[in-house]
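Asks: Take this structure, written in structure tokens, and hold onto it; I'll ask about it next.
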């Protein structure tokens, strides 16, 4: 009996927050893997703010997901059939599978994952792509060094929580910006941030000023909008603003016209500062080295990994994705697919 | 008979464009120079877009001009009395004199100028602070190199016109953005820009796209607002955006709240690009070296210097300053003080 593959496809380009009608749920037979291919049954799907950008038309760092195409997603699954000599059946692998239960791919395009290193959930989070993004963004793009004041926005998210912890490990003073008392408490009590600023409490500028008496050396921004402006307003001489994302702006109803551009960007001039964007893929050649260091910190207890795992099916993907934009996740948001 | 000194002082912090009532015109006796001091009669005053920023309250790269204080300005004058052993009477000197006819200053704080190098007007322009700003902004901050596509906004201004010419000298493809056909013709016909884009002609984005088939490696921005956005929209991989100024935004009626922040700043992420501000003073130790190189280009004819000289008195300063914000100057705007 051929198993059936449930999939979530992009049906329309959303305006603002993705709505149910922007998705199409399909079922098709699982194709047999060809020569050199493997068939993987997905167990965990990663949900990332960047996904919202992939749904838009236009030039970006990856091609847009096409209408009718299975939504792009990274995940970890298990090989159920292998026609590739180096990939065993039963082997857990990381793959850019898309939002579907099964994926058939070249055995060279899936990456074996070692379950003994850390739970698979963390391998999609703190020591996976999110952790690597934090690592290269903070240390390479942001050039954070000992005694720097590092401010991270979206600090309770998958990338921000790791960026702040790496900064702490490197001897920086670390300030996190997050939404809500609970997230803020987690940052200071469990992750060792020096200060957490709750942007929902209002008076962000004043709170950030109080939290950064020596101003900011590195602002690691995942949020954009008024939070980016608050950061720019506290830059110190020679500061680095790392543009990792802008979750507050991805769903602007009017698209780019409605994005809140940083009105105080001339702070870059006053402070001889730079604002720089990056894409983690560019650091691919150094992934292994960085992942080793992240895993070492995880094992020593220096790095706390937290995943927000939602159990469900691929059909739940559209709803779960919205949690990111409502600030409902703490740590890495994952969808764990029920065994069929 | 003690000569009298006519002065222009800041009377109020302007909202939007400076108005006549934001200035106070005063006359006081010229003080005698003390031990080690010189008395200088100013002949040329430099008018700079940055002056608008100096009139605002708040933290910047220099302290704000205080209310009641003589407006800050750089100029060239001639020593009329000297109590300093190394400064001869009759010597032309550069000084941050302020907007006044006479200044008394320590002989160590004025910089002798060699009239044989170039006309004094050019020494306040293409081979003065404006030229140095272009030089370090383009080559150090922007890291422009041969075959780069360099786009300069405010290209017919004092800094922009030199930045574009240096880019051409260094073997870059150079595109200038300026307002009006006449300025654009000057850029291509006299200064050797490859293309000039007239932002007043409308359809800026399309025109800039046509002018930059290989996208932009260095965007040297003097203007801000929609012109900065047009530049960000055409960045290439690894581009550098040099924030030199934002003349379109300095007079925003509502202050910072009304500044047009770049809505498409995420182009920095997509293109792994950086946007960096600078202040020319930080390069002070390399001024002599750069000024020599600029003077060499001027003498060889590689660099064309143009000054827009208005003859008048210090009382004309407030009116002449507005020319900058109305785009009425081509090249370096100077006020030449009539001999009294």
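Chains as they are written, first to last, in the working numbering: chain A, 1 to 340; chain B, 1001 to 1340.
Glycine included, C-beta positions come from ideal geometry on N, C-alpha and C.
1. Counting along the chain, where does the beta strand (DSSP E) carrying residue 312 (chain A) start and finish?
2. Looking at the C-beta of residue 60 (chain A), does it have a partner C-beta in chain B at a distance below 8 Å?
3. Kindly indicate which three-state DSSP category residue 1078 (chain B) falls into: helix, strand or coil?
4. Return no unless some Cβ of chain B is closer than 8 Å to the Cβ of residue 261 (chain A).
5. Quick one: does residue 1185 (chain B) have its CB under 8 Å from some CB of chain A?
6. Please state whether DSSP places residue 332 (chain A) in a helix, a strand or coil.
7. For residue 36 (chain A), which option in A:16, A:30, A:138 and A:104 has the closest C-alpha, if you only look at C-alpha atoms?
8. Give the interface partners of residue 1256 (chain B) over in chain A, defined as CB-CB distance under 8 Å, in chain order.
9. Closer than 7 Å by beta-carbon distance: list the chain B residues that pair up with residue 138 (chain A), in chain order.
10. Listed in chain order, which residues of the region 194 to 228 of chain A have Cβ atoms closer than 9 Å to some Cβ of chain B?
11. Where does the unbroken alpha helix (DSSP H) through residue 318 (chain A) begin, and where does it stop?
12. With residue 134 (chain A) as the anchor, note down where its beta strand (DSSP E) starts and where it stops.
13. According to DSSP, what are the bridge partners of residue 250 (chain A)?
14. Nearest chain A C-beta to residue 1277 (chain B) closer than 8 Å, yes or no?
15. Within this structure, are the beta carbons of residue 1247 (chain B) and residue 1154 (chain B) separated by less than 8 Å?
16. Report the start-end ranges of each beta strand (DSSP E) in the region 1157 to 1233 of chain B that is 3 residues or longer and not cut off at the edges.
17. By DSSP's criteria, residue 272 (chain A) is part of a beta bridge. Which residues make up the other side?
18. According to the neighbour-count rule (16 or more other Cβ atoms, all chains shown, within 10 Å of its Cβ), is residue 1089 (chain B) buried or exposed?
19. For the pair the region 229 to 238 of chain A and the region 270 to 281 of chain A, tell me if three or more CB-CB distances fall below 8 Å.
20. What residues from chain B crowd round residue 251 (chain A), counting only those whose CB sits closer than 9 Å?
21. What do you get for residue 1308 (chain B), buried or exposed, if any count of 16 or more other CB atoms within 10 angstroms of its CB means buried?
22. Measure the alpha-carbon distance for residue 208 (chain A) versus residue 200 (chain A) and round it to whole angstroms.
23. Whose C-beta lies closer than 8 Å to the C-beta of residue 60 (chain A) among residues of the same chain, with five residues either side of it excluded?
24. Give the residues of chain A in contact with residue 1008 (chain B), contact being defined as C-beta atoms less than 7 Å apart.
25. Contact defined as beta carbons within less than 8 Å: I believe residue 1294 (chain B) pairs with residue 1126 (chain B). What is the distance between those atoms, to the nearest angstrom?
26. For the region 1281 to 1303 of chain B, which residues have a CB atom closer than 9 Å to at least one CB atom of chain A, in sequence order?
27. Which residues in chain B have a C-beta closer than 9 Å to the C-beta of residue 166 (chain A)? List them in chain order.
Replies: According to the structure data:
1. Taking the first chain and counting its residues from 1, the one referred to as residue 312 (chain A) is at position 312. 307 to 312 is the extent of the beta strand (DSSP E) around residue 312 (chain A).
2. The residue labelled residue 60 (chain A) in the question sits at position 60 within the first chain. Yes, its Cβ sits closer than 8 Å to a Cβ of chain B.
3. Sequence index remark: in the second chain, residue 1078 (chain B) carries index 78 (1-based). Strand.
4. Position 261 of the first chain, counting from 1, holds the residue named residue 261 (chain A). Chain B contact via Cβ: present.
5. Your numbering for residue 1185 (chain B) matches position 185 in the second chain. Output row for residue 1185 (chain B): interface = no.
6. Numbered from its first residue, the first chain carries residue 332 (chain A) at position 332. DSSP places residue 332 (chain A) in strand when its eight states are reduced to three.
7. Here residue 36 (chain A) corresponds to residue number 36 of the first chain, with the count starting at 1. For the set A:16, A:30, A:138 and A:104, the Cα lying nearest the Cα of residue 36 (chain A) is the one of A:104.
8. Along the second chain, one-based indexing puts residue 1256 (chain B) at 256. Here the neighbours are 263 and 264.
9. As a working mapping, residue 138 (chain A) is identified with position 138 in the first chain. Simply none; closest approach about 15 Å.
10. Only those residues of the region 194 to 228 of chain A whose C-beta falls short of 9 Å from the nearest C-beta of chain B are listed: 224 and 228.
11. Within the first chain, the letter at position 318 stands for residue 318 (chain A). Segment 317 to 325, the alpha helix (DSSP H) holding residue 318 (chain A).
12. Indexing the first chain from 1 puts residue 134 (chain A) at position 134. That residue, residue 134 (chain A), is in no beta strand (DSSP E); its alpha helix (DSSP H) goes 129 to 136.
13. What you label residue 250 (chain A) is simply residue 250 of the first chain in a count that begins at 1. None, per the DSSP bridge assignment.
14. For this step, residue 1277 (chain B) is matched to residue 277 along the second chain. It does: the Cβ of residue 1277 (chain B) has a partner Cβ on chain A nearer than 8 Å.
15. Numbered from its first residue, the second chain carries residue 1247 (chain B) at position 247. Numbered from its first residue, the second chain carries residue 1154 (chain B) at position 154. Cβ distance < 8 Å, so residue 1247 (chain B) and residue 1154 (chain B) count as in contact.
16. 1173 to 1178, 1195 to 1198 and 1216 to 1221
17. Within the first chain, the letter at position 272 stands for residue 272 (chain A). Residue 272 (chain A) pairs with nothing; no bridge assigned.
18. To locate residue 1089 (chain B), count along the second chain from 1; it is residue 89. When all chains shown are included, residue 1089 (chain B) counts as exposed.
19. Yes, they touch.
20. Residue 251 (chain A) sits at position 251 when you count from the first residue of the first chain. Simply none; closest approach about 13 Å.
21. Locating residue 1308 (chain B) in the second chain gives position 308, counting from the first residue. Flag for residue 1308 (chain B) reads buried.
22. Taking the first chain and counting its residues from 1, the one referred to as residue 208 (chain A) is at position 208. Taking the first chain and counting its residues from 1, the one referred to as residue 200 (chain A) is at position 200. Answer to the nearest angstrom: the Cα atoms are 13 Å apart.
23. Here residue 60 (chain A) is taken as the residue at index 60 of the first chain, counted from 1. Taken in chain order, the residues that qualify are 53 and 54.
24. Reading the second chain from its first residue, position 8 is the one you call residue 1008 (chain B). Correct list: empty, because the minimum Cβ distance to chain A is about 25 Å.
25. Translated into positions along the second chain, residue 1294 (chain B) becomes position 294. Translated into positions along the second chain, residue 1126 (chain B) becomes position 126. Indeed, because the Cβ distance is near 7 Å, the residues count as touching under 8 Å.
26. Answer set for the region 1281 to 1303 of chain B: 1282.
27. Numbered from 1 along the first chain, position 166 holds the residue referred to as residue 166 (chain A). Residues of chain B passing the Cβ test: none, with the nearest at roughly 20 Å.
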